[in-house]
Amino acid sequence: MAKGTVNKVILLGRLGNDPEVRTTQNGTTVATLSIATNDGMGENITTEWHRVVVFGKSAEAIQKYANKGTQLFIEGRLRANKWQDKNGNMQYTTEVVASNFQFVAGGNSQGGSNYQNNPNPNFNQQPNNNYPQNNHQPAPKQDKMLDFAEINSSNFDDDIPF
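Under the numbering used here, the first residue of the sequence shown is numbered 17, with each subsequent residue one higher.
Here it is in structure tokens:
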């Protein structure tokens with residue numbers, strides 16, 4: 017990491033559609049996700065859509081266990097892409113390159129398993145032993161995580177002494 021800079025993204029959202037999965041010429045699995053997050057309160061809620069790219073064994077786990085509506089916690093970094101289209105126009109896009117993710121229990125998700133990508137930009141990822149090995153076994157279940165609405169609706173004493 018360059019001194020004095022940070023490129024870190026954290027998202028908690030749901031898949032807007034099934035993952036798009038492909039394999040590169042060198043055999044690396046790549047999953048492209050469309051993640052929806054909400055911002056605002058009451059009637060002023062807006063939805064933001066984020067393009068997320070996952071590589072290697074993590075992409076294989078996404079392909080196997082995630083579908084439209086699955087809630088994911090994603091950590092990664094922003095990457096800007098620039099290219100020239102067939103008409104000679106410059107095109108730009110920004111995406112999140114996931115370094116790790118977690119299935120969040122509840123909704124359509126499969127549990128709370130952690131997955132981690134090797135951040136090597138060459139995408140030559142080593143096997144990751146944090147994903148289920150048995151093709152017929154779903155991801156392990158985890159206690160449901162509370163969301164902020166549930167926490168705020170309880171009788172929580174928020175009187176802080178400082």
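The beta-carbon is built from N, C-alpha and C at its ideal position, and this holds for glycine as well.
Note that the structure is a prediction, hence the values are computed from the model and not measured.
Three-state class that DSSP yields for ASN105 in the structure shown: Correct three-state label for ASN105: coil.
Rounded to whole angstroms, what's the CA-CA distance from LYS98 to VAL69? Just pull it up for me. Answer to the nearest angstrom: the Cα atoms are 16 Å apart.
Which term fits LYS73, buried or exposed, when burial requires 16 or more other beta carbons within 10 angstroms of its beta carbon? Residue burial annotation: LYS73 is buried, with at least 16 other C-beta atoms found within 10 angstroms of its C-beta.
Boundaries of the alpha helix (DSSP H) in which LYS73 is found, first to last residue: Annotation for LYS73: the continuous alpha helix (DSSP H) segment containing it runs 72-81.
For GLY29, which residues does DSSP report across the bridge? Under the DSSP definition of a beta bridge, GLY29 partners with LEU88.
What do you reckon, are the CB atoms on GLU36 and ALA47 nearer than 8 Å? Less than 8 Å separates the beta-carbon of GLU36 from that of ALA47.
Looking at the structure shown, is ASN54 part of a helix, part of a strand, or coil, going by DSSP? If DSSP states are grouped into helix, strand and coil, ASN54 belongs with the strands.
Among THR110, ASN103, GLU76, nearest to ASN116 - alpha-carbon criterion: Ranking the options by Cα distance to ASN116, first place goes to GLU76.
At the level of alpha carbons, what is the spacing between LEU49 and LEU27? Each residue's alpha carbon lies about 12 Å from the other.
Is there at least one Cβ from chain C nearer than 8 Å to GLY72's Cβ? The structure shown has no chain C; it contains just one protein chain.
Using a 10 Å radius around the Cβ and a threshold of 16 neighbouring Cβ atoms, would you call GLN87 buried or exposed? So GLN87 counts as buried.
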